[in-house]
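If you're matching positions, the sequence shown starts at 8 in the working numbering and goes up one per residue. Here a beta-carbon is modelled for each residue, glycine too, at the ideal position from N, C-alpha and C. Because the structure is a prediction, the values reported are computed rather than measured.
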Amino acid sequence: MNKIYKFFTLIIMTIALVIAAEETANAQIGWQKSAGQSLIDALKVKEPLTFCNEKVPLKENDVRERLEREMLVSLQNSDDVILWLKRAYRYFPHIEMVLRENRLPDDLKYIVIAESALKPLAASHKGAVGFWQFIESTGKRYNITVNSDIDERRNFFIATDAALAYLKDLYSIFNSWTLAAAAYNMGEDGLKTEILMQQTNNYYLLHLNQETQRYVFRILAAKIIMSDPEKYGFHLSKDDLYPPLQFDRVEISADNPVPIQVIAAAANTYFKIIKELNPHLKGYDLPPGRHSVLIPKGTADGFSGRYENLLNQWHIEKENATYTVQKGDSIYTIAKNLNVSVKAIMIWNDLAGVNQKLSPGDKLVIFTRNRFF
């Protein structure tokens, strides 16, 4: 009797598992059909569609296909779109303000999404850097400083002003924001050449390099999705978004390099925070000159006094941190004997390389007092 009971129990469990598996499979198929249908519906962009108030000719099959491709690429990379939306809440307000002040079209803000996805340290294999992906030569035309200490292409405020000035100049050349965007991507001389050779100034009819062929459509895809994210399945609450930038601004004049750590301490914060607020600062020091530095909101009060005291204290410590090179010394042996890193010695003394020759009697700055080791 016991065996019969177990046998029937086993049969019932097997049947239940089969039914559950079928229901799961059907549910998955239903989900796939539903998701697929939703995606198809999402691609049905209603006319009129414009970029900077310039009509996009959606009735042209080629145009619709190119737009749908970029929308699909964006939607398939949903994690990227989520980050667009989160970062936009932080950065778009300033861009929108500058656009309004200069009476420029609001749609230009979506160019920064196509360029860097609002990542300050974005860099391309072609040497373009920062939010607006300036190459060094174009940046110099718009007074962007790039040297061994500073790369203002990573400064959101400076780069935004420069990018919008550049786009304004491009519009004055091509009399079209669509062409201005294309020229921003491939350069004005390159676009001028294509217009002359192909005898048309219609972006949608020009045969351009693959990147520029897709460029305006990538911007349009960002505009469409970010203008109505819920339609495309992105339901973010205000709490999900990254908070707008909040900071105080201080002016610092320096005759000699100033350790960023001194600035951080004067602002009651950490090196990391100062670097994040000022991503254009490349190394460990603020170079000589006059600089506008961002510090955490609410720390400007009393900053000047704290900064002067800490800087004086640092100079005293530096004077007492002098090491005289002995015969047979190398950077490696000095680092080992004084329990510091080779890289730290190089940074403190601005040495070109680990093999730089040292001579007996040379003076090195080495801070050996460290409460972390």
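Nearest Cα to His287 within the set Gly296, Leu56, Asp86 and Val300: Val300. A straight line joining the alpha-carbon of Leu186 with that of Ser311 spans about 48 Å. Taking all protein chains shown into account, Glu315 has fewer than 16 neighbouring C-beta atoms within 10 Å of its C-beta and is therefore exposed. Listed in chain order, the non-local C-beta contacts of Lys334 below 6 Å within the same chain comprise Pro367, local neighbours out to five positions each way being set aside. Contact between the stretch 273-287 and the stretch 223-236 is not established, with fewer than three Cβ pairs separated by less than 8 Å.
Positions of the alpha helix (DSSP H) runs, each at least 4 residues long and wholly inside the stretch 237-305, are given as 267-273 and 278-284 in order along the chain. Only residues of its own chain outside the window of five on either side were considered, and among them Pro127, Leu128, Val136, Gly137, Phe138, Pro286 and His287 have a CB closer than 8 Å to the CB of Arg161, listed in chain order.
Residue pairing by DSSP puts Leu371 in a beta bridge opposite Tyr330. For Phe138, the secondary structure class from DSSP, reduced to helix, strand or coil, is coil.
Apart from the 5 residues on each side of it in sequence, Ala172 sits with its Cβ closer than 8 Å to the Cβ of Tyr149 in its chain, given in chain order. Between Asn362 and Glu326, the alpha-carbon positions lie close to 25 Å from each other. A Cβ-Cβ distance of about 45 Å is found for the pair Gly240 and Asp156, leaving them out of contact under the 8 Å criterion. Counting only residues of its own chain and dropping the five nearest sequence neighbours on each side, Asp247 has a CB closer than 7 Å to the CB of Lys93.
Excluding residues up to 5 positions away in sequence, Leu171 and Lys175 lie with their Cβ nearer than 7 Å to the Cβ of Leu111 in the same chain.
Between the beta-carbon of Arg225 and that of Ala121 there is about 4 Å, and that keeps the pair under the 8 Å contact cut. If you draw a straight line from the Cα of Val223 to the Cα of Phe278, it is about 39 Å long. Per DSSP, the beta bridge partners of Ile157 are Leu288.
In this structure, Val269 places its C-beta atom within 7 Å of the C-beta atom of Leu317. For Thr57, the secondary structure class from DSSP, reduced to helix, strand or coil, is strand. If you draw a 10 Å sphere on the C-beta of Asn60, you find fewer than 16 other C-beta atoms in it, and that means exposed. In its chain, beyond the 5 residues on either side, Tyr96 and Arg97 have a beta carbon closer than 8 Å to the beta carbon of Pro250. Burial is judged here by how many other beta carbons sit within 10 angstroms of a residue's own beta carbon; Asn209 has fewer than 16 and is exposed.
In the DSSP assignment, Ala351 falls within the alpha helix (DSSP H) that extends over Val349 to Asn356. In the displayed model, Ala130 falls within a strand according to three-state DSSP.
For Ser144, the uninterrupted alpha helix (DSSP H) run begins and ends at Glu143 to Arg148, by DSSP. Here the alpha carbon of Ala229 sits roughly 21 Å from the alpha carbon of Tyr178. DSSP lists no bridge partner for Lys325. DSSP, reduced to helix, strand and coil, places Lys51 outside both helices and strands of the structure shown, so it counts as coil.
Around the beta carbon of Asn192, 16 or more other beta carbons sit within 10 angstroms, so the residue counts as buried.
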